[in-house]
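Enquirer:
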């Protein structure tokens, strides 16, 4: 009977560890991406120039704002 309890406790501890690990990793990645966005204004400017567009600062700011709003949702 005691072996059954040990196995049961081990399984419960494993499930709790997996759930906690998932949520901690998710919170860490969300804060990391908020501090270090995957694309910045310089990257956006370079991308637009490669596509043959002459980027104005107004257009860059507008696209960055749209991407940030989209990221928050």
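In UniProt numbering, the protein residues as written are 1 to 73. Here a beta-carbon is modelled for each residue, glycine too, at the ideal position from N, C-alpha and C. Computed from a predicted structure; not experimentally measured.
Could you have a look at residue 24 and say whether DSSP puts it in helix, strand or coil?
Expert: Here residue 24 sits in helix by DSSP.
Enquirer: Count Cβ pairs between the stretch 52 to 68 and the stretch 24 to 44 that sit closer than 8 Å; are there 3 or more?
Expert: Yes, the stretch 52 to 68 is in contact with the stretch 24 to 44.
Enquirer: What's the gap between the Cα of residue 69 and the Cα of residue 31?
Expert: About 16 Å.
Enquirer: Is residue 1 helix, strand or coil when you go by DSSP?
Expert: Coil.
Enquirer: Would you give the residue range spanned by the alpha helix (DSSP H) that residue 53 belongs to?
Expert: Run containing residue 53: none; DSSP gives neither H nor E here.
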